[in-house]
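Structure first, then comments.
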Amino acid sequence: MLEIAILAVVQGIAEFLPVSSSGHLVILGALFGELAESPTLEVILHAGTLGSILVVFWRRIIQLIAQDRRVVPMIVVGTLPVVVVGLVVKTNFQSVLRSPVLAGAMLLVTAVMLVVLRRLTAQGGLYQAMSLTAAFVVGCFQAFAILPGISRSGSTILGGRLMGLSNEDSVTFSFLLAIPAIFGATLLSVKDVYLQYTSSGQIEFSIIQLVLGALISFVVGIGALYWLIGWSRKDRLHWFAWWCFPVGIAAIAYFGV
1 MLEIAILAVV
11 QGIAEFLPVS
21 SSGHLVILGA
31 LFGELAESPT
41 LEVILHAGTL
51 GSILVVFWRR
61 IIQLIAQDRR
71 VVPMIVVGTL
81 PVVVVGLVVK
91 TNFQSVLRSP
101 VLAGAMLLVT
111 AVMLVVLRRL
121 TAQGGLYQAM
131 SLTAAFVVGC
141 FQAFAILPGI
151 SRSGSTILGG
161 RLMGLSNEDS
171 VTFSFLLAIP
181 AIFGATLLSV
191 KDVYLQYTSS
201 GQIEFSIIQL
211 VLGALISFVV
221 GIGALYWLIG
231 WSRKDRLHWF
241 AWWCFPVGIA
251 AIAYFGV
């Protein structure tokens, strides 16, 4: 129960803050063993963080459906890169995605991206006015985050800023893109859970454990989202680089020798 709670907290925080949930979970997986790599737990934790996005951005989502329908094809175009890259990588290079050394190295890349983000000139572009090409470019940044240690939020916010979006709109578009991405990752994990269940005839966790994991990742995810939004407005996201640098170096030093 304690390990599940720790993983849920890490998922809730790192899914949204620009420190890479996948990188931290891979590193914890190397420390905790098979628990952190359980497809069942992955589904539950992803479901909790998906719920966090829906709660925080529900007004924007309703607005998209009712008024800003032009943004819907932008989200579709922005999601295409992660679908293609995700399917190819997860199908052919699954073992690579579990490497704590790679996760550590990519955390250093995330730290560099956050430093670059700090040095960009502030702009005032609205995500509603973005072109489909710009949406695709931001989607390519999201696809890069398939690698463990690359922050999905950090890379897509950087992509949005490079496309001329304001701080707040780059964050908003980042998490609108996250909805289909996290939902798709959850569906892929559901398939793994089904295969595991058909082969063994049982799921390794109790209902109480699964509910606990989902609830913790959901609540912590909401707090992390508001934290990210607040720090983005104050242009403080580069502060997270000073977490990614030492964790990345420590992971490389510990697992690479």
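Under our numbering, read the sequence shown as residues 1 to 257, first letter to last.
Glycine residues also receive a C-beta, built at the ideal position from the N, C-alpha and C atoms.
Closest in C-alpha terms to S22, from the list A134, Q209, V82 and E42, comes E42. The Cβ-Cβ distance between V138 and G184 does not fall below 8 Å. Judged by beta-carbon spacing, I222 lies beyond the 8 Å limit of A8, meaning their Cβ atoms are not closer than that value. Taking 8 Å as the cut-off, the beta carbon of F173 is found no closer than this to the beta carbon of A30.
Within its own chain, the residues whose Cβ lies closer than 6 Å to the Cβ of A143, once the five positions on either side in sequence are excluded, are P81, V82 and V85, listed in chain order. In the DSSP annotation of this structure, the continuous segment of the alpha helix (DSSP H) that includes Y254 starts and ends at A241 to F255.
DSSP places G124 in the coil class of the three-state scheme, outside both helix and strand.
Between the alpha carbons of L187 and G230 lies a gap of roughly 31 Å.
It is roughly 14 Å from the alpha-carbon of I62 to the alpha-carbon of Q128. Under the DSSP definition of a beta bridge, L228 lacks any partner. Taken in chain order, the whole alpha helix (DSSP H) runs of length 4 or more contained in the stretch 5–79 are 21–32, 39–56 and 58–66.
Only residues of its own chain outside the window of five on either side were considered, and among them A241, C244 and F245 have a CB closer than 6 Å to the CB of A111, listed in chain order. Residue burial annotation: I207 is exposed, with fewer than 16 other C-beta atoms found within 10 angstroms of its C-beta.
Each of S166, V88, P73 and A105 was checked against the Cα of A250, and the nearest Cα belongs to A105. Within its own chain, the residues whose Cβ lies closer than 8 Å to the Cβ of V116, once the five positions on either side in sequence are excluded, are L158, listed in chain order. Inclusion of S153 and F141 in the CB contact set at 8 Å is not warranted, their separation being larger than that value. Per DSSP, V137 is one residue of the alpha helix (DSSP H) stretching across L132 to F144.
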